[in-house]
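K.L.:
Quick mapping for you: the protein sequence lines, in order, are chains A and B.
Those letters in the first sequence? Residues 1 to 648, by UniProt numbering.
Those letters in the second sequence? Residues 1 to 381, by UniProt numbering.
Got a structure for you, questions after.
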Amino acid sequence: MKRSQREAEESSRRIARRTLVLGGAQALFAGVLALRMRQLQVTQADEFRLLAEENRINIRLIPPARGILYDRQGHVIAENEQNYRIVIVREDAGDPEQALARLTRLVRLDDETVERALKEIRRHSPFVPVTIADRMRWEEVASVAVNAPVLPGITPEVGQSRHYPMGPDFAHVVGYVGPVSDYDLSKLEDPDPLLQIPRFQIGKTGVEAKEEELLRGKAGTRRIEVNAAGRVIRELDRIDGQPGSDLQLTIDAGLQNFMQARLGEESAAAVVLDIEQGDVLGIASSPSFDPNKFVQGISVADYRALTGTPYRPLSNKAVQGAYPPGSTFKVVTALAALEAGVITPEDTVWCPGYLKLGERRFHCWSRGGHGHVDLTESLQQSCDVYYYDVGQRVGIDNIAAMARKLGIGVHHELPMSAVAEGLAPDRAWKRARYGQDWQVGDTLNASIGQGYVLATPLQLAVMSARIASGRAVTPRLVRSIDGVEQPSGAGAALDIHPVNLARIRKGMDAVVNSRRGTAHRSRVVAEGMAMAGKTGTSQVRNITAAERAAGVFRNEDLPWERRDHALFVAFAPVEAPKVAVAVVVEHGGGGSAVAAPIARDITLRALYGRVPPGEAYPSDQRWEAERRLNDLPLRDPGSFSSGGRSRA
Amino acid sequence: MSYLEYNVKRVPTGLSKVLYVNWALVLLLTAVAGIGFMMLYSVAGGRLEPWADPQMKRFALGMTVMFVVAFVPIWFWRNMAALAYGISVLLLVAVDFFGTVGMGAQRWIDLGVFRLQPSELSKITLVMMLAAYYDWLDIRHVSKPQFVALPLLLILLPTALVLKQPDLGTALLLIAGGGIIMFLAGVHWAYFAVVVAGGVGLVSAVFASRGTPWQLLKDYQFRRIDTFLDPSSDPLGAGYHITQSKIALGSGGWAGRGFMQGTQSRLNFLPEKHTDFIFTTLAEEFGFVGGVSLLALYVLIIVFCISSAMQTKDRFSSLLTLGIAATFFLFFAVNMSMVMGLAPVVGVPLPLVSYGGSAMLVLLAAFGLVQSAHIHRPRGR
């Protein structure tokens, strides 16, 4: 494009004019900046000068005391302990190696600690305080404080750290705290300034993590003067923070301790619900671990030991573990059929030991069959064929709807990590998940709690509580916050006919208390303490043709991870139910042989409120039961806590 | 503009170009960067690591880039303007896909050697593009609506991409920088009046929307505005930075505490003390005198750029030089306002002083363009 000389001149002039305007504006703004600088640094400087001349002002955060966790009796589950540590500031200490050498003459420090401290010191700027040693004894701290004049730059400090007096008993429920990580911070849009404090501890799992906001509290602030050496001269003013809320859980620490001990080193979980309020009285998962190790910083070897075993100690199996519920699910199928009106309690089904569906045979656990079976007998003897037949008649959608009504396959809101939802499968689900039509075979598997059905131990306990009470009992873990009672989980009446519920309860009564019941050996003989329940043995495998040929049928012949899960759900006392219990032992074998005895001990412990007496057991088992209970490594919850002493 | 015109007049060629470099500008840039090295050295507690040393290496690299850019004729850069703009827009798109998240926003592309921040690059390529556009455009058409709409689109495209990262500070700088070039090119006053009125309307709409279901900003963004208006309302949250930096400035006083004697900025754990808040260290250690001196150096850089731009008749050269100077001005003006509590805290570094690779390289490359325009100006009559 060709442009005339005149046009270029005009363009230049226009740019020059506009530049003049813009330059003027810029000069004006630069002037404003200079004036502002003058205002802050010269005019207003006196405001700061008084304080800033010799000393420096500093705003420091006062970390709030973390809320304390109590059990339902007021025993302390999580508390704050005074934690004395020794801190060094390189700037003031001179040569750090000499300073540490002087310190080791006063306080015993191993070489590893000294080595690590030196590395830390070199990594940080000279004015950053570095912790040399943590969790010192009071005498050690005192000797450092007394010798302060010869230890420049080394100061004892007191902080608070979390302590769990019950150790492994509450590892899964309460979880543990740990220092804030960059990952934690990255998840927050507008993080609390407290989290910027190096090594500030926040909840990592369980209640500690889920109720973090409540437990943390609000930071206080203090404006302090520090002298040229960085030492605090005096406090100018102070705004106190707000300590975290104290939480009382619904859990009974004694029962919880008993449950953990009773499960022992099995890979298992157990839940006890109070039917009245839905309170979770105990929720155990084993094997467990010591959460205090995580607070102090767990060693690599210890951590490997926890993650490297198929028993998965870190997982909270009571709410995270979703298992095929096996025969315990039969109460759902039966109730769905009663409600749909497809059976009456008197209707019988002929069980020859299998049911033929096309070319396929669906076996009953009893090879020889059960003969004519009615509703009560079907539960009592856990006949599979009865449920194959009834399940087909009532249909999967009714079964799934009943499962959800009883709390299986729905989310229960508890402040714990990774609460699993389980699964109550129906036609729509299979279509959405696999893009396939629901098959009759799927219904047969589902009606005995195999196939796609999954339930957590918590959900099984909820199911039992709902059947026992006829109300939509929902589990509750937090009883009160700062003394304020939380809403009860009692729930409204279920939309199920009471007569049908009574029929199911009668069947569950027969499972334990009639001579031919699958859990008859685990009955309770004490007056007014009788337990009702349902056994379950869920397969985690199919027996292959090759195995059948080789004669491997028996569970004990299989490797551990392919053995059946043992399950038991219960409520007691039969006449006026107070507690609902569920026990799952991973790869434990049979529900009646393994899970039911555990459930009985736990139920009795919950009802008696102490280690159950021998009289509760049938006379032929009394001696064995007493010996078993006496051998449990129990602890008195009151004896371990320091009563939340460091609440200051 | 034809090559003929350049050829008739004398344009320096070959080694003689060295004589025509704007050496005063080079000196000023080096002085400012030198202040930056000193501050980074002081902030690190009297050590070259971790900031001063890499910063010096980047400055050396940046200076090399500047001279390379400077010795390439300015008309080459004008022809490259559209391409550079296109590449920077593509990089902004790419950052959405391959960028890594830093400080909660997606801003970087990792090139292995260093991390490129395309939003920095786009500030300069936008200036180049607009300068080339107005060089091409007949000045009689400058204020016609269709020819105003086009540069608006050119500005809004990278702005939208930057906003998506999200980086509000850079987005505002792009709009302001682009607007300034349009203003310099002679777009009619009325357009700017409308935009200013619209801006006021938008701000009041944003505030009116607060608390209603259709609120236009996130809650934490509102809180930042609150604390800007009244830092004492939240001395530990977002107001923390402003309060701390004011204390640091105030304790610096008239002449400061002396080099390496600053304390507030070291003890108060200003999280951005080596980047956005580095001015507090300078103001504390060298006081009002030091702060004003740096301001004066910055103003001198602007003055030299303006005077260079006024000496050339070439529209592209002068618009480019003025645009780069304006962008540079926006950088330090916004940063200083923020540190002194005159503007809300948005992430804008102090040019050539704050620690950071992309910003320094891009700025020095931009001054390479200024130098190129200066060197290749037709001289003599």
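Backbone N, C-alpha and C fix where the C-beta goes; we use that ideal spot for every residue, glycine too.
1. Below 8 Å between beta carbons is the criterion; list the residues of the stretch 302-316 of chain B that meet it against any residue of chain A, in chain order.
2. Determine, using beta carbons only, whether V175(B) comes closer than 8 Å to chain A.
3. Spatial neighbours of R471(A) within its chain, please: CB distance less than 7 Å, with the 5 preceding and 5 following residues excluded, ordered by chain position.
4. Excluding sequence positions up to five away, which residues of its chain have a Cβ less than 7 Å from the Cβ of L306(A)?
5. Nearest to A343(B) by CA position, among V353(B), L352(B), P351(B) and F332(B), is which residue?
6. On the DSSP bridge assignment, give the partners of T131(A) in chain order.
7. Measure how close the beta-carbons of V89(B) and P158(B) come, nearest whole angstrom, since I'm counting them as under 8 Å.
8. Determine, using beta carbons only, whether M336(B) comes closer than 8 Å to chain A.
9. For I302(B) and F329(B), which I take to be in contact (beta-carbon distance under 8 Å), what is that distance rounded to the nearest angstrom?
10. Are there three or more Cβ pairs, one per stretch, closer than 8 Å when the stretch 111-125 of chain A is compared with the stretch 173-186 of chain A?
11. If the cut is a Cβ gap below 9 Å, which residues of chain A does F71(B) touch?
12. Considering Q371(B), what are the terminal residues of the alpha helix (DSSP H) in which it resides?
13. Tell me whether N80(A) is buried or exposed, calling it buried when 16 or more other Cβ atoms sit within 10 Å of its Cβ.
14. Assign R628(A) to one of three DSSP states: helix, strand, or coil.
15. Using the beta-carbon of each residue, which ones in chain A are nearer than 7 Å to S318(B)?
16. In whole angstroms, what separates the C-alpha of V487(A) from that of R72(A)?
17. Could you tell me which whole alpha helix (DSSP H) segments of length 4 or greater appear in the stretch 273-342 of chain B?
18. Might you give, ordered along the chain, the residues of its own chain that have their beta carbon closer than 8 Å to the beta carbon of D237(A), omitting 5 neighbours on each side?
19. May I ask you to report which of helix, strand or coil DSSP gives S327(A)?
20. CB Y191(B) to CB L126(B), shorter than 8 Å?
21. May I have the straight-line CA-CA distance separating V334(B) from A326(B), to the nearest angstrom?
22. In three-state DSSP terms, what is V478(A)?
23. Counting only Cβ pairs nearer than 7 Å, list the residues of chain A close to F288(B).
24. Identify the continuous alpha helix (DSSP H) that holds I180(B) and give its terminal residues.
25. Using the Cα positions of V390(A) and A403(A), report the straight-line distance between them to the nearest angstrom.
26. Taking contact to mean 3 or more Cβ pairs, one atom from each stretch, closer than 8 Å, check whether the stretch 330-346 of chain A and the stretch 377-395 of chain A are in contact.
27. I'd like to know if L632(A) contacts chain B, where contact means its C-beta is closer than 8 Å to some C-beta of that chain.
28. Identify whether S286(A) lies in helix, strand or coil by the three-state DSSP scheme.
29. Using the beta-carbon of each residue, which ones in chain C are nearer than 7 Å to S12(A)?
30. Contact defined as beta carbons within less than 8 Å: I believe W254(B) pairs with V146(A). What is the distance between those atoms, to the nearest angstrom?
31. Anyone know if the C-beta pair for V579(A) and V272(A) falls short of 8 Å?
32. If A468(A) sits next to R505(A), beta carbons under 8 Å apart, how far is it from one beta carbon to the other, in whole angstroms?
33. Using 8 Å as the cut-off, can you tell me whether the stretch 205-221 of chain A makes contact with the stretch 328-335 of chain A, which would need three or more C-beta pairs spanning the two stretches below that distance?
34. How many Å lie between C351(A) and Q439(A) at the Cα?
35. Specify the secondary structure class of N80(A) as computed by DSSP and reduced to three states.
36. Based on Cα-Cα distance, which residue from D426(A), T328(A), E139(A) and H172(A) lies nearest to D384(A)?
P.N.:
Well, looking at it:
1. I302, I306, A309, M310, K313 and R315
2. What you label residue 175(B) is simply residue 175 of the second sequence in a count that begins at 1. One point to set straight first is that residue 175(B) is Ile, not Val, in the sequence displayed. It does not: the Cβ of I175(B) has no partner Cβ on chain A nearer than 8 Å.
3. Within the first sequence, the letter at position 471 stands for residue 471(A). Counting only Cβ-Cβ distances below 7 Å, and skipping sequence neighbours, we find A490, G491, A492, A493 and L494.
4. Stepping through the first sequence from its first residue, residue 306(A) is reached at position 306. Same-chain partners within the cutoff: F289, P313 and L314.
5. If you number the second sequence from 1, residue 343(B) lands on position 343. The shortest C-alpha separation from A343(B) is found at F332(B).
6. What you label residue 131(A) is simply residue 131 of the first sequence in a count that begins at 1. Bridge partners of T131(A): V87(A).
7. Taking the second sequence and counting its residues from 1, one reaches residue 89(B) at position 89. Taking the second sequence and counting its residues from 1, one reaches residue 158(B) at position 158. Correct: roughly 6 Å between the Cβ atoms.
8. As a working mapping, residue 336(B) is identified with position 336 in the second sequence. Yes - at least one Cβ of chain A is within 8 Å of the one on M336(B).
9. For the purposes of this step, residue 302(B) is identified with residue 302 of the second sequence, where counting begins at 1. For the purposes of this step, residue 329(B) is identified with residue 329 of the second sequence, where counting begins at 1. Their Cβ separation, rounded to whole angstroms, is 6 Å, which keeps I302(B) and F329(B) in contact under 8 Å.
10. no
11. Counting from one through the second sequence, the residue named residue 71(B) turns up at place 71. Neighbours of F71(B) on chain A: none; closest Cβ ~26 Å, over 9 Å.
12. Counted from its first residue, the second sequence places residue 371(B) at position 371. Q371(B) -> alpha helix (DSSP H) spans G357 to I375.
13. As a position in the first sequence, residue 80(A) is number 80, starting the count at 1. When all chains shown are included, N80(A) counts as buried.
14. What you label residue 628(A) is simply residue 628 of the first sequence in a count that begins at 1. Reduced to three states, the DSSP call for R628(A) is helix.
15. What you label residue 318(B) is simply residue 318 of the second sequence in a count that begins at 1. Neighbours of S318(B) on chain A, chain order: I15.
16. Position 487 of the first sequence, counted from the first residue, corresponds to residue 487(A). Position 72 of the first sequence, counted from the first residue, corresponds to residue 72(A). First, the residue type needs correcting, since residue 487(A) is Pro and not Val in the sequence shown. Whole-angstrom Cα-Cα distance: 15 Å.
17. 278-310 and 315-339
18. On the first sequence, position 237 is the one that residue 237(A) refers to. Only R222 and R223 meet the Cβ criterion.
19. To locate residue 327(A), count along the first sequence from 1; it is residue 327. In this structure, S327(A) counts as helix in the three-state DSSP scheme.
20. Taking the second sequence and counting its residues from 1, the one referred to as residue 191(B) is at position 191. Taking the second sequence and counting its residues from 1, the one referred to as residue 126(B) is at position 126. No, these two residues do not count as a Cβ contact at 8 Å.
21. As a first step, residue 334(B) is located in the second sequence; it is residue number 334 there, counting from the start. As a first step, residue 326(B) is located in the second sequence; it is residue number 326 there, counting from the start. Cα to Cα, the separation comes out at about 12 Å.
22. Position 478 of the first sequence, counted from the first residue, corresponds to residue 478(A). Here V478(A) sits in strand by DSSP.
23. As a first step, residue 288(B) is located in the second sequence; it is residue number 288 there, counting from the start. Here the neighbours are M37, R38, Q41 and V42.
24. As a working mapping, residue 180(B) is identified with position 180 in the second sequence. Segment L168 to A185, the alpha helix (DSSP H) holding I180(B).
25. Sequence index remark: in the first sequence, residue 390(A) carries index 390 (1-based). Sequence index remark: in the first sequence, residue 403(A) carries index 403 (1-based). Each residue's alpha carbon lies about 15 Å from the other.
26. yes
27. For the purposes of this step, residue 632(A) is identified with residue 632 of the first sequence, where counting begins at 1. It does not; no Cβ of chain B falls within 8 Å.
28. Residue mapping note: residue 286(A) aligns to position 286 of the first sequence, counting from 1. Three-state result, S286(A): strand.
29. Considering every chain present, this structure includes no chain C. Its protein chains are A and B.
30. In the second sequence, residue 254(B) corresponds to position 254, counting from 1. In the first sequence, residue 146(A) corresponds to position 146, counting from 1. No, W254(B) and V146(A) are not in contact; Cβ-Cβ is about 44 Å, not under 8 Å.
31. Numbered from 1 along the first sequence, position 579 holds the residue referred to as residue 579(A). Numbered from 1 along the first sequence, position 272 holds the residue referred to as residue 272(A). Contact flag set, yes.
32. Here the question's residue 468(A) lines up with position 468 in the first sequence. Here the question's residue 505(A) lines up with position 505 in the first sequence. Their Cβ separation, rounded to whole angstroms, is 7 Å, which keeps A468(A) and R505(A) in contact under 8 Å.
33. no
34. Looking up residue 351(A) in the first sequence gives position 351. Looking up residue 439(A) in the first sequence gives position 439. In a straight line, the C-alpha of C351(A) is about 22 Å away from that of Q439(A).
35. By 1-based counting over the first sequence, the position of residue 80(A) is 80. Reduced to three states, the DSSP call for N80(A) is strand.
36. Counting from one through the first sequence, the residue named residue 384(A) turns up at place 384. Closest by alpha carbon: T328(A).
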